[in-house]
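The numbering of the sequence shown is my numbering, which starts it at 7 and goes up by one.
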Amino acid sequence: MKFLLHFLLKPLSFTPALLMMYLIFSLSAQDGTTSSKLSYNVSYTAISFVDKALDLELTDTQISRSIQKIHYSVRKLAHFAEYFLLAVCVSFPLYVYGVRGFWLILTSGILCVGFASLDELHQYFVRGRGCSAHDVIIDSCGSFLGIFFVRISGYIGRKTIFEPLCRN
């Protein structure tokens with residue numbers, strides 16, 4: 007029974023990574039106008055939230071100016087965040103199955119940076135979009151931060167939770 011569970015669950019543990027790849031690919035397949043509207047709406051929501059939370063009572067012109075100031079950063083932060091999440095979804099199952107240290111960084115890094123490169127190449131063929139080495143660098147930074155997050159979390163979990171359980 008234990009073998010059957012491992013046989014079934016091991017491949018399924020990569021499902022979140024595949025779903026994240028699908029999400030990233032879907033967002034990249036949006037034309038330039040749709041993608042820009044999405045990030046504009048995120049920027050608008052963020053500015054509106056800050057306006058209400060801090061009771062700033064910004065005018066529509068001030069809100070529009072603020073959105074223009076943060077719009078580029080929001081787009082790049084989205085790149086960083088989606089590849090951070092992809093790296094966590096790729097690295098965590100690898101870590102659980104014993105891939106650690108240099109090999110975890112190498113394996114997850116190649117998968118995430120390779121996917122980022124292919125994703126940027128894919129954007130070249132989407133109307134209103136283009137590929138950018140700058141975006142691949144941002145994606146890679148998010149990926150490596152996600153990988154190190156998994157390494158640190160795994161190490162802390164092993165030392166504080168699982169190691170004491172094994173001693174008993």
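From the three backbone atoms N, C-alpha and C, an ideal C-beta is built for every residue, glycine too.
Chain-order list of residues whose beta-carbon lies under 8 Å from that of residue i (same chain, five-residue window excluded)
i      : result
Leu110 : Ser97, Leu100, Tyr101, Ile153, Val156 and Arg157
Ile73  : Tyr46, Ser49, Tyr50 and Ile53
Glu63  : Asp57
Reference residue i, options the options, closest by Cα
i      : options                           : result
Ile143 : Ile167, Leu15, Cys118 and His128  : Cys118
Pro17  : Lys58, Leu127, Leu62 and Cys95    : Cys95
Ser42  : Pro170, Arg133, Ser149 and Leu171 : Arg133
Ala139 : Arg106, His85 and Thr40           : His85
Leu83  : Gly120, Phe20 and Gly148          : Gly148
Val80  : Gly115, Phe168, Asp141 and Asp37  : Asp141
His77  : Leu44, Ser146, Leu62 and Arg106   : Leu44
Thr39  : Gly136, Pro22, Gly115 and Leu92   : Gly136
Ser123 : Leu14, Tyr161 and Ile30           : Ile30
Glu88  : Gly107, Tyr28, Phe108 and Tyr161  : Tyr28
Tyr161 : Leu14, Ser70 and Gly104           : Gly104
Buried or exposed by the 16-neighbour rule on C-beta atoms within 10 Å, applied to residue i
i      : result
Phe125 : Going by the sequence as given, residue 125 is Asp instead of Phe. Asp125 comes out buried.
Arg59  : Note that residue 59 is Ala in the sequence shown, not Arg. Label assigned to Ala59: exposed.
Phe121 : buried
Asp37  : exposed
Leu92  : buried
Asp66  : exposed
Ser114 : buried
Ser32  : exposed
Ser146 : buried
Own chain, CB closer than 6 Å to residue i, minus 5 neighbours either side, in chain order
i     : result
Ser34 : Asp125, His128 and Gln129
Ser19 : Pro99
Own chain partners of residue i with C-beta closer than 7 Å, once the 5 adjacent residues on each side are dropped
i      : result
Leu151 : Phe90
Alpha helix (DSSP H) segment containing residue i, residue limits
i      : result
Gly148 : Ala139 to Gly163
Ile53  : Gly38 to Ala59
Ile167 : Element bounds for Ile167: n/a, residue is neither H nor E.
Tyr130 : Gly107 to Tyr130
Glu88  : Asp66 to Val102
Phe31  : Thr21 to Ser34
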